[in-house]
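Participant: First the structure, which I've put down as structure tokens, then a few questions once you've had a look.
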Amino acid sequence: MINQFFPSYTIGADAYDAVPGICGAFGKTAVIIGGEKSRAAAEPALRKSCEGKLEILGSFQYGDNSTFEAAAALEAIPEVQQADMIFAVGGGRAVDTAKIAAEHLDKPIFTFPTLCSNCAPVTAVCVVYHPDGTFCKVWYRKRPAYHTFINTEVVLHSPRDYFWAGIGDALSKQYEVLFSVRGDKEVPYVRGLGAQIAGNCSDELLKYGRAGMEAFDSGRITEDLERVIQLVIVTTGLVSNCLTGDYNSSVGHAIYNGHTEVEHDREYLHGAVVCYGTLVLLTMDGQYEARDKMLAFCRDLALPHRLADVGESLATAHRLAEHASTKYDLDQSPYTVTLDMIEKAILELEELSRDEK
Ligand SMILES: [Zn+2]
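Each residue of the sequence shown is one higher than the one before, counting from 630 in the working numbering.
This is the structure we're talking about:
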């Protein structure tokens, strides 16, 4: 038996008005789980839309990282146990923690992304960290959230860095997925479908990303902004749900996962590091035309394209390649990706921006 789920979602400045109609079929009570800032951003409008129709039993901080420990703490809260459904509010880590708790408690979950930064709201996959912040594992629910409500007004008022880095993360999808499936002789129906959808993800972002960023910066909800939000949250999620884990990522995410294992001068956002890693992938694989197009886009939007942009240097390049080369993200590749190949690509990419200030 195959169970295949696709993201179902509502997008708009009034997206929360659809909550009672869609969630009402699953019960009468809900709890809100999220981060402090995200709940402050979304909760007033969400509660208002539920008034007289759905009872909110409580609102809880998810923890401080997506860990099994944080999920277990949520599972122990009486209101969470009593509620008919869980409303997960926030970015990737808050949503993933709530997804784990909801799965353990066997409750329907609905997601309310407050950031446009990744596909966590619409996917079954949860990225789990150790309490010390290092990467633990990728963990799967049986299904993604039942429905996602994207309030564009809330996203528009989210921190710029997350929106910017979200574009960087989504840019990886097309290149990583198509690289991962390239070696397959037999492509099952759903995987082929995922690869087809991935095939226009980065192209669309390269085309509309700047206009979306400009709309965000000027505080306007435009078609370009809505398109970028849907590319970052929905298209990438659609692809993720069609592919098993190791097909969904490659060198870009291996670089990020390796990057988390070393202390840096400051925090670098997931999408920002993945963006850099994707340029490494395209360089390593000799996809120079695509690489140069993405590199020009990254320069235009000041997205990471040099070691220094992600807190690394020529002195740490070998170590970064070494950490990346051991990651599961590389398991599904058309050829064996070695430490040497990654390091060589890092140095080759660096050379292209040598004269940049
Ligand atoms: Zn990612």
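Note that beta-carbon positions come from the ideal geometry of N, C-alpha and C, so glycine has one too.
These numbers were taken from a predicted model, which means no experiment stands behind them.
(1) Just to confirm my understanding: we take residue 700, look at its own chain, exclude 5 residues before and 5 after, and list those with CB closer than 6 Å. What are they?
(2) Could you check whether the Cβ of residue 694 sits closer than 7 Å to any heavy atom belonging to ligand 1?
(3) Tell me the residue span of the beta strand (DSSP E) that contains residue 862.
(4) Ordered along the chain, which non-local residues of its own chain (more than five positions away) have a Cβ less than 6 Å from that of residue 637?
(5) Is the number of C-beta pairs between the segment 693–710 and the segment 666–675 that are closer than 8 Å three or more?
(6) Measuring only the C-alpha atoms, how far is residue 817 from residue 823?
(7) Using the beta-carbon count (16 or more within 10 Å), is residue 895 buried or exposed?
(8) Return the CA-CA distance between residue 770 and residue 721, expressed in angstroms with no decimal places.
(9) For residue 871, I'd like the list of residues in its chain whose CB is within less than 6 Å of its CB, leaving aside the five on either flank, ordered along the chain.
(10) Which residues in the same chain have their Cβ closer than 6 Å to the Cβ of residue 782, if we skip the five residues on either side of it in sequence?
(11) Do the CB positions of residue 842 and residue 930 come within less than 8 Å of each other?
(12) Terminal residues of the continuous beta strand (DSSP E) containing residue 767?
(13) Measure from the alpha carbon of residue 967 to the alpha carbon of each residue in 879, 903 and 850, then state which is nearest.
(14) Within 8 Å, do at least three Cβ pairs link the segment 829–846 to the segment 789–796?
(15) Any idea if residue 633 is buried or exposed, counting beta-carbon neighbours within 10 angstroms, 16 or more meaning buried?
(16) Using a threshold of 8 Å, state whether the C-beta atoms of residue 806 and residue 877 are closer than that.
(17) Quick one: which unbroken beta strand (DSSP E) runs of 3-plus residues sit fully inside the segment 942–969? Chain order, please.
(18) Within the chosen definition, does the segment 748–760 reach the segment 705–714 through at least 3 CB pairs nearer than 8 Å?
(19) Where does the unbroken beta strand (DSSP E) through residue 649 begin, and where does it stop?
(20) Judging by CA-CA distance, which residue of 904, 828, 857 and 941 is the nearest neighbour of residue 893?
(21) Determine the closest residue to residue 767 out of 954, 921, 857 and 883, with distance taken between C-alpha atoms.
(22) In whole angstroms, what is the alpha-carbon distance linking residue 778 and residue 724?
(23) For residue 901, which residues of its own chain have a beta-carbon under 6 Å away from its beta-carbon, when the five flanking residues on both sides are left out?
(24) Between 640, 789 and 718, which lies nearest to residue 898 when the distance is taken from Cα to Cα?
(25) Mapping the DSSP letters down to three states, classify residue 745 as helix, strand or coil.
(26) Taking just the CA atoms, how far does residue 917 sit from residue 956?
Facilitator: The short version:
(1) Here residue 700 is taken as the residue at index 71 of the sequence shown, counted from 1. Answer for residue 700: 726, 729 and 730, listed in chain order.
(2) Reading the sequence shown from its first residue, position 65 is the one you call residue 694. Result no, Cβ not under 7 Å from ligand 1.
(3) On the sequence shown, position 233 is the one that residue 862 refers to. Taken as a continuous stretch (DSSP letters only), residue 862 belongs to no beta strand (DSSP E), as it is neither H nor E.
(4) Working through the sequence shown from its first residue, we reach residue 637 at position 8. Counting only Cβ-Cβ distances below 6 Å, and skipping sequence neighbours, we find 776.
(5) Contact fails: fewer than three Cβ-Cβ distances are below 8 Å.
(6) To locate residue 817, count along the sequence shown from 1; it is residue 188. To locate residue 823, count along the sequence shown from 1; it is residue 194. Those two C-alpha atoms are separated by around 10 Å.
(7) On the sequence shown, position 266 is the one that residue 895 refers to. The residue in question, residue 895, is exposed, as its Cβ has fewer than 16 Cβ neighbours within 10 Å.
(8) On the sequence shown, residue 770 is found 141 positions in, with the first residue counted as 1. On the sequence shown, residue 721 is found 92 positions in, with the first residue counted as 1. One Cα belongs to residue 770, the other to residue 721, and the distance between them is close to 15 Å.
(9) Translated into positions along the sequence shown, residue 871 becomes position 242. Within the same chain, residue 871 has close Cβ partners 819, 822 and 823.
(10) Along the sequence shown, one-based indexing puts residue 782 at 153. Contacts found: 642.
(11) As a position in the sequence shown, residue 842 is number 213, starting the count at 1. As a position in the sequence shown, residue 930 is number 301, starting the count at 1. The Cβ atoms of residue 842 and residue 930 lie closer than 8 Å to each other.
(12) Position 138 of the sequence shown, counted from the first residue, corresponds to residue 767. Segment 764–769, the beta strand (DSSP E) holding residue 767.
(13) As a working mapping, residue 967 is identified with position 338 in the sequence shown. Selected option, being the one with the closest Cα: 879.
(14) Flag = yes, the segment 789–796 and the segment 829–846 touch.
(15) Position 4 of the sequence shown holds residue 633. Residue 633 should be labelled exposed.
(16) Stepping through the sequence shown from its first residue, residue 806 is reached at position 177. Stepping through the sequence shown from its first residue, residue 877 is reached at position 248. Yes, Cβ-Cβ distance for residue 806 and residue 877 is below 8 Å.
(17) Those beta strand (DSSP E) runs which fall completely within the segment 942–969 and span 3+ residues do not exist here.
(18) No, the segment 748–760 is not in contact with the segment 705–714.
(19) Here residue 649 corresponds to residue number 20 of the sequence shown, with the count starting at 1. Membership of residue 649 in any beta strand (DSSP E) is not indicated; the residue belongs instead to the alpha helix (DSSP H) covering 648–652.
(20) As a first step, residue 893 is located in the sequence shown; it is residue number 264 there, counting from the start. Closest option to residue 893, Cα to Cα, is 941.
(21) As a first step, residue 767 is located in the sequence shown; it is residue number 138 there, counting from the start. In terms of CA proximity to residue 767, 883 leads the group 954, 921, 857 and 883.
(22) For the purposes of this step, residue 778 is identified with residue 149 of the sequence shown, where counting begins at 1. For the purposes of this step, residue 724 is identified with residue 95 of the sequence shown, where counting begins at 1. Rounded to whole angstroms, residue 778 to residue 724 spans 13 Å at the Cα level.
(23) One-based indexing of the sequence shown puts residue 901 at position 272. Excluding sequence neighbours, residue 901 sits near 794, 797 and 933.
(24) Position 269 of the sequence shown, counting from 1, holds the residue named residue 898. Nearest of 640, 789 and 718 to residue 898, Cα basis: 789.
(25) Walking along the sequence shown from the start, residue 745 turns up at place 116. Collapsing the DSSP output to three states places residue 745 in coil.
(26) Taking the sequence shown and counting its residues from 1, the one referred to as residue 956 is at position 327. Taking the sequence shown and counting its residues from 1, the one referred to as residue 917 is at position 288. The straight-line gap from Cα to Cα measures roughly 24 Å.
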